[in-house]
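Presented below is the structure to which this report refers.
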Amino acid sequence: MVVSWFFDYVPAWLAIVLVTVGSVLVTWGLPFVDPDGEFAVEAPKGVLGALMLGIGTGLTIWGARGTASFDTVVVGIILLGSFMQGAVAINFYRKVYDFVSNGSLPSSGGFKRKIAGHLLILFLLLVTLWGVIYFTVWGGLDIEMRDTVRLYWTVATVIISVVGLSTRFWFMQSGFPPQIMFGGILLITGGEIFNLQLELELTVFVLSHIVYTLGFWIAAYLFISSVHNSNRTARRQYARISD
Amino acid sequence: MPIGELLNSVPILGGNIGLLQPVFQIYPPLVLLGTYLAATGAYLIAADDLGNFVGLWLVMTVIYPLVLVWQINNMDMTREIILGYSLADSTIALPLVLMFLVTYILVQSLQDRFQEVA
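Protein sequence lines correspond, in order, to chains A and B. My numbering applies: residue 57 is where the first sequence begins, and numbers increase by one. My numbering applies: residue 98 is where the second sequence begins, and numbers increase by one.
Here is the structure:
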């Protein structure tokens, strides 16, 4: 984010495409949040409705890209992304609690997945770097060095953001429809590479840290109250058995 | 024919319908089309039966555009209402509502997840 204070991401439309596609995916996932719930959609009426709602949201966002207030949408997306990242950061403490209360080490599958995730990031970065070098030297691209660096930086930011957010949000996959998870990742990535004015970037920088902290503490409260309730239930059951 | 020219030849996308010209100056045609589609989709999801859906859809299709044209011709759409935002800035309402919904779902989902673990 700090680098973007000094130069803009290129191509500028990539951010809007990511935000639009992300919004469409998120909207398509919304009616499927709880398939057994009261608000679950009925086929075919509800499915058609969800499709239209998603396409309509995408068109609205794409159409609003030139309006003065579009920056507000991007700021909202960045803050939402910070909130979500703050909230899922509590997952580390959940793992520690799991370890302490159950005496079990984190599953080897998770550890292997993490290593594989990091290797994948490294691999993608190297492929991107060599791809950019190839196209710059032999690809006949008629772009200046400055634009090449900006293009590389944009591609690298997108890849790192998508892979990084995917690994962070992976543990939520059972509670989230995949459309919302992947749509949210594209939405946040799009927000991150959107070119805002410097003053707004600085404001967002400060606000996003505040919102991150807020997300963390709200998730911490939810976690602690869940543990507290669970302990109370266990104590009651133990007392009933003792009687 | 270039794509831009082709799109502009479609009345609603090109914004070249005389009556709607003032509306398009405030709300871009794609925003109106998108909001219309999104609202139709939302009605389809929410409506209990066909009569319910048709009623809502007719109000949005027949009555609301006239109200919108009247509103834009008779009201100052760019006058600040709150925090520097005017009625013309309501184009951002749909994406912002979407974001609030996502935040709510995330918090609910986290709570469920923690309860499973605890």
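In this text, a Cβ means the ideal position worked out from N, Cα and C, and glycines have one as well.
Subject >> Run of the alpha helix (DSSP H) containing A:ILE241, from where it starts to where it stops >> reply: Start at 1 with the first residue of the first sequence, and residue 241 of chain A comes out as number 185. Per DSSP, A:ILE241 belongs to the alpha helix (DSSP H) from 234-248.
Subject >> Residue interval of the beta strand (DSSP E) (run including A:ILE146) >> reply: To locate residue 146 of chain A, count along the first sequence from 1; it is residue 90. Per DSSP, A:ILE146 belongs to no beta strand (DSSP E) and is neither H nor E.
Original post:
What are the start and end residues of the alpha helix (DSSP H) that includes B:ILE178?
Top reply: For the purposes of this step, residue 178 of chain B is taken as residue 81 along the second sequence, with counting starting at 1. Here B:ILE178 belongs to no alpha helix (DSSP H); instead the beta strand (DSSP E) covers 177-179.
**OP:** With B:TYR140 as the anchor, note down where its alpha helix (DSSP H) starts and where it stops.
**Re:** The residue given as residue 140 of chain B occupies position 43 in the second sequence. Note, B:TYR140: alpha helix (DSSP H), 126-143.
**OP:** Kindly say whether B:THR158, judged by its beta-carbon, lies nearer than 8 Å to any beta-carbon of chain A.
**Re:** Here residue 158 of chain B corresponds to residue number 61 of the second sequence, with the count starting at 1. It does not; no Cβ of chain A falls within 8 Å.
Original post:
Taking Cβ positions only, does B:PRO196 come closer than 8 Å to chain A?
Top reply: Working through the second sequence from its first residue, we reach residue 196 of chain B at position 99. According to the sequence provided, residue 196 of chain B is Met. The question's Pro does not apply to it. Yes, B:MET196 lies at the interface with chain A (some Cβ there is under 8 Å from its Cβ).
Original post:
Can you find at least 3 beta carbon pairs, one from the stretch 105-125 of chain A and one from the stretch 132-139 of chain B, that sit closer than 8 Å?
Top reply: yes
**OP:** Would you check if there are 3 or more beta carbon pairs closer than 8 Å linking the stretch 188-201 of chain B to the stretch 258-265 of chain A?
**Re:** no
**OP:** Starting from the C-beta of A:PHE225, find all residues in its chain whose C-beta is less than 8 Å away, skip the five residues before and the five after it, and write them out in chain order.
**Re:** Locating residue 225 of chain A in the first sequence gives position 169, where the first residue counts as 1. Closer than 8 Å at Cβ, skipping near neighbours: MET140, VAL144, PHE232, MET237, GLY240, ILE241.
Original post:
Is the stretch 148-158 of chain A close to the stretch 272-291 of chain A, with three or more CB pairs under 8 Å?
Top reply: yes
**OP:** Work out the CA separation of A:LEU136 and A:PRO87 for me, nearest whole Å.
**Re:** Within the first sequence, the letter at position 31 stands for residue 87 of chain A. Within the first sequence, the letter at position 80 stands for residue 136 of chain A. A:PRO87 and A:LEU136: Cα-Cα distance of roughly 20 Å.
Subject >> Contact list for the stretch 131-146 of chain B against chain A, Cβ threshold 9 Å >> reply: GLY131, THR132, TYR133, LEU134, ALA135, ALA136, THR137, GLY138, ALA139, TYR140, LEU141, ILE142, ALA143, ALA144
Original post:
Under three-state DSSP, which class holds A:SER138?
Top reply: Position 82 of the first sequence, counting from 1, holds the residue named residue 138 of chain A. Correct three-state label for A:SER138: helix.
Original post:
So the alpha helix (DSSP H) A:THR76 belongs to, where does it begin and stop?
Top reply: Within the first sequence, numbered from 1, the residue matching residue 76 of chain A stands at position 20. Looking at the DSSP string, the run of the alpha helix (DSSP H) that includes A:THR76 is 68-85.
Subject >> Reference A:GLY247, options A:PHE126, A:LYS101, A:TYR153, closest by Cα >> reply: As a position in the first sequence, residue 247 of chain A is number 191, starting the count at 1. Closest option to A:GLY247, Cα to Cα, is A:PHE126.
**OP:** Determine the burial state of B:TYR140: buried for a count of at least 16 other Cβ atoms within 10 Å of its Cβ, exposed for fewer.
**Re:** Indexing the second sequence from 1 puts residue 140 of chain B at position 43. Buried: at least 16 other Cβ atoms inside 10 Å.
Original post:
Relative to chain B, which residues along the stretch 120-137 of chain A have a C-beta separation below 8 Å, given in chain order?
Top reply: ALA120, GLY122, THR123, ALA124, SER125, PHE126, THR128, VAL129, GLY132, ILE133, LEU136
**OP:** Kindly list, in the order they appear in chain B, the residues whose Cβ is closer than 8 Å to that of A:MET108.
**Re:** Counted from its first residue, the first sequence places residue 108 of chain A at position 52. The answer, in chain order, is LEU134, ALA135, THR137, GLY138, LEU141.
Original post:
Who pairs with B:TYR182 in a beta bridge, going by DSSP?
Top reply: Within the second sequence, numbered from 1, the residue matching residue 182 of chain B stands at position 85. BP columns for B:TYR182 point to B:ILE179.
Original post:
B:PRO119 CB to nearest chain A CB: under 8 Å?
Top reply: Start at 1 with the first residue of the second sequence, and residue 119 of chain B comes out as number 22. It does not; no Cβ of chain A falls within 8 Å.
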